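Just so we're aligned, residue 15 is where the sequence shown starts under our numbering, counting upward by one.
Notes to accompany the following structure.
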Amino acid sequence: MIKDEKNSLLIVDDDSGNIKLLVELFREEYLLYVAKTGKSAIEMAKGIMPDLILLDIILDGSGETGFNGFEVITALREIEATRDIPIVLMSGLDKPEDERRGLEQDVVDYITKPFENSIVKLRINNQIKMINYIRQIEHMGLTDALTGLNNRRSFNKKIDEEWARACREETVMSVIILDVDHFKKYNDTYGHQRGDVVLQVVANALTSTLQRATDFVARWGGEEFIILMPNTNKINAMQIADRIRDKIEQTKIPLPDGTITRITISAGVDSITPTKETPEILLGELISNADRALYTAKEQGRNRVIAF
Numbered sequence: 015m016i017k018d019e020k021n022s023l024l025i026v027d028d029d030s031g032n033i034k035l036l037v038e039l040f041r042e043e044y045l046l047y048v049a050k051t052g053k054s055a056i057e058m059a060k061g062i063m064p065d066l067i068l069l070d071i072i073l074d075g076s077g078e079t080g081f082n083g084f085e086v087i088t089a090l091r092e093i094e095a096t097r098d099i100p101i102v103l104m105s106g107l108d109k110p111e112d113e114r115r116g117l118e119q120d121v122v123d124y125i126t127k128p129f130e131n132s133i134v135k136l137r138i139n140n141q142i143k144m145i146n147y148i149r150q151i152e153h154m155g156l157t158d159a160l161t162g163l164n165n166r167r168s169f170n171k172k173i174d175e176e177w178a179r180a181c182r183e184e185t186v187m188s189v190i191i192l193d194v195d196h197f198k199k200y201n202d203t204y205g206h207q208r209g210d211v212v213l214q215v216v217a218n219a220l221t222s223t224l225q226r227a228t229d230f231v232a233r234w235g236g237e238e239f240i241i242l243m244p245n246t247n248k249i250n251a252m253q254i255a256d257r258i259r260d261k262i263e264q265t266k267i268p269l270p271d272g273t274i275t276r277i278t279i280s281a282g283v284d285s286i287t288p289t290k291e292t293p294e295i296l297l298g299e300l301i302s303n304a305d306r307a308l309y310t311a312k313e314q315g316r317n318r319v320i321a322f
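Here you go:
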């Protein structure tokens, strides 16, 4: 998702004067967090997930029990959650070999101290602009343009992550696949623009019904939608699917001439509780089984929810 709030910076430096200077430079534009040791920087990064880290190389307390800047980078890259956070190194080490070593640490920039305030501000602002641009491009690549929902690519990425987590924790997960009944007939009768409105109505019903942050809904393709529900058994998934079905059935869809239309959906549900030994092929079967249940619902008259 694209953040609506200010971007965040984590400043890691043991010099109070440098911290004060950087805070003054960036306090109006960004959310700022400060850590004075490598250890606290690592813990803080895991907790707040900053957009960018400004990291000093030489930190007070580095040694047997502490972390210098290079060691902080290594630790962050070994943690899945913090692996991709961009880092700018800031150091009083200004020899070419120092800068070369710094840039070899998979950082986005290397700034030497003492620094010119205006130049530092421009360089950090440019990094943030690039971060936001990349985030926007990634968001567009994972979002369905018509409905604003996640797209199939996004869903495949998410379900792989949730499958790995469910295998580790041996927790249940459910999938709901649904599609609009007689959608082709609706398009043929009222036109494709009105058909697009129907898809948006379904998308709104899904997002307004699914209240948990962990539930993940996507447009699967055409008039078909898919929902991933971690920590949800088949009975609960069936109940939620039926609430969605009922909400869509009750929704009035106006036409340009003032008349009202309605639609219905059919849905299929399946669940699984994987373990560390569960073969990954069963992930594909989970989706296939929900799809088979959907077509059973179609065969039984539509406007219903069927479990595999």
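The C-beta atom is built at its ideal place from N, Cα and C for all residues, glycine as well.
Values in this document were obtained by computation on a predicted structure and should not be read as measured data.
Selection from the options that minimises the alpha carbon distance to residue i
{"i": "W234", "options": "M252, A304, L136", "result": "A304"}
{"i": "K248", "options": "L36, H153, V186, G205", "result": "V186"}
{"i": "L297", "options": "E43, T278, N170, L35", "result": "N170"}
{"i": "P64", "options": "W177, K266, L23, K53", "result": "L23"}
{"i": "T51", "options": "V37, K20, E85", "result": "E85"}
{"i": "S168", "options": "A178, L160, M154", "result": "M154"}
{"i": "R276", "options": "Q264, T287, P270", "result": "Q264"}
{"i": "D158", "options": "M144, D271, D210, R316", "result": "D210"}
{"i": "P293", "options": "S280, N165, W177", "result": "W177"}
{"i": "T310", "options": "I320, E94, I301", "result": "I320"}
{"i": "R41", "options": "N139, E152, A307", "result": "N139"}
{"i": "N146", "options": "E130, Y204, Y200, E19", "result": "E19"}
{"i": "P110", "options": "A307, R208, I125", "result": "I125"}
{"i": "S222", "options": "V212, H206, I262", "result": "I262"}
{"i": "E43", "options": "R166, I241, K135", "result": "K135"}
{"i": "K34", "options": "E291, N131, Q207", "result": "N131"}
{"i": "E175", "options": "Q207, R115, T273, A95", "result": "A95"}
{"i": "A255", "options": "L308, R208, K266", "result": "L308"}
{"i": "T273", "options": "L36, R208, I295, T246", "result": "R208"}
{"i": "R318", "options": "A55, I279, S54", "result": "I279"}
Cutoff 8 Å; reference residue i; Cβ partners in own chain excluding five residues on either side
{"i": "F239", "result": "L163, I191, L192, D193, V216, A217, L220, V231, A232, R233"}
{"i": "Y47", "result": "S22, L23, L24, I25, M58, I62, P64"}
{"i": "I99", "result": "A59, M63, P64, D65, L66, I67, L90"}
Enclosing alpha helix (DSSP H) for residue i [first to last residue]
{"i": "D108", "result": "That residue, D108, is in no alpha helix (DSSP H); it is neither H nor E in DSSP."}
{"i": "I33", "result": "30-40"}
{"i": "Y204", "result": "197-204"}
{"i": "L308", "result": "295-313"}
{"i": "M58", "result": "52-62"}
{"i": "F84", "result": "83-91"}
Paired residues, beta bridge with residue i - DSSP
{"i": "T275", "result": "I267"}
{"i": "R233", "result": "F239"}
{"i": "N164", "result": "T157, A232"}
{"i": "M104", "result": "D70, I125"}
{"i": "G282", "result": "I191, I320"}
{"i": "D244", "result": "Looking at the sequence itself, residue 244 is Pro, so the reference to Asp does not match. Answer is M187, bridged to P244."}
Nearest-angstrom beta carbon gap, residue j and residue i [assumed within contact, 8 Å]
{"i": "L103", "j": "L69", "result": "6 Å"}
{"i": "I72", "j": "A59", "result": "Actually they do not touch by this definition, with Cβ atoms about 19 Å apart."}
{"i": "T161", "j": "Q214", "result": "6 Å"}
{"i": "A281", "j": "R259", "result": "6 Å"}
{"i": "V121", "j": "I173", "result": "33 Å between Cβ atoms; not a contact."}
{"i": "R306", "j": "D195", "result": "No, R306 and D195 are not in contact; Cβ-Cβ is about 17 Å, not under 8 Å."}
{"i": "Y204", "j": "L269", "result": "7 Å"}
{"i": "V212", "j": "I295", "result": "The Cβ separation is near 35 Å, so there is no contact."}
Cβ-based neighbour list, residue i, same chain, cut-off 6 Å, excluding 5 preceding and 5 following
{"i": "K17", "result": "Bear in mind that the predicted position of K17 carries a pLDDT of just 47, short of 50, making it unreliable; the figure below should be weighed with that in mind. Closer than 6 Å at the Cβ level, and outside the excluded window around K17, lies no residue."}
{"i": "T228", "result": "P244"}
{"i": "K127", "result": "G106"}
{"i": "N32", "result": "none"}
{"i": "I113", "result": "Checking the sequence shown, residue 113 turns out to be Glu, not Ile. Counting only Cβ-Cβ distances below 6 Å, and skipping sequence neighbours, we find Y124."}
{"i": "E313", "result": "none"}
{"i": "E38", "result": "none"}
{"i": "L117", "result": "Y124"}
{"i": "E237", "result": "D193, V194, F197"}
{"i": "D29", "result": "none"}
{"i": "L36", "result": "I25"}
{"i": "R97", "result": "R91"}
Run of the beta strand (DSSP E) containing residue i, from where it starts to where it stops
{"i": "A49", "result": "45-49"}
{"i": "V319", "result": "319-321"}
{"i": "I25", "result": "22-26"}
Spatial neighbours of residue i in its chain, beta-carbon cut-off 7 Å, leaving aside the 5 residues before and after
{"i": "T289", "result": "C181, E184"}
{"i": "A251", "result": "S188, I190, M243, V283, S285"}
{"i": "I142", "result": "N21, D65, L66"}
{"i": "I93", "result": "K60"}
{"i": "L300", "result": "V189, D284, I286"}
Near the ligand NAD: residue i beta-carbon under 7 Å from a heavy atom
{"i": "N218", "result": "This structure lacks the ligand NAD, and indeed carries no ligand of any kind."}
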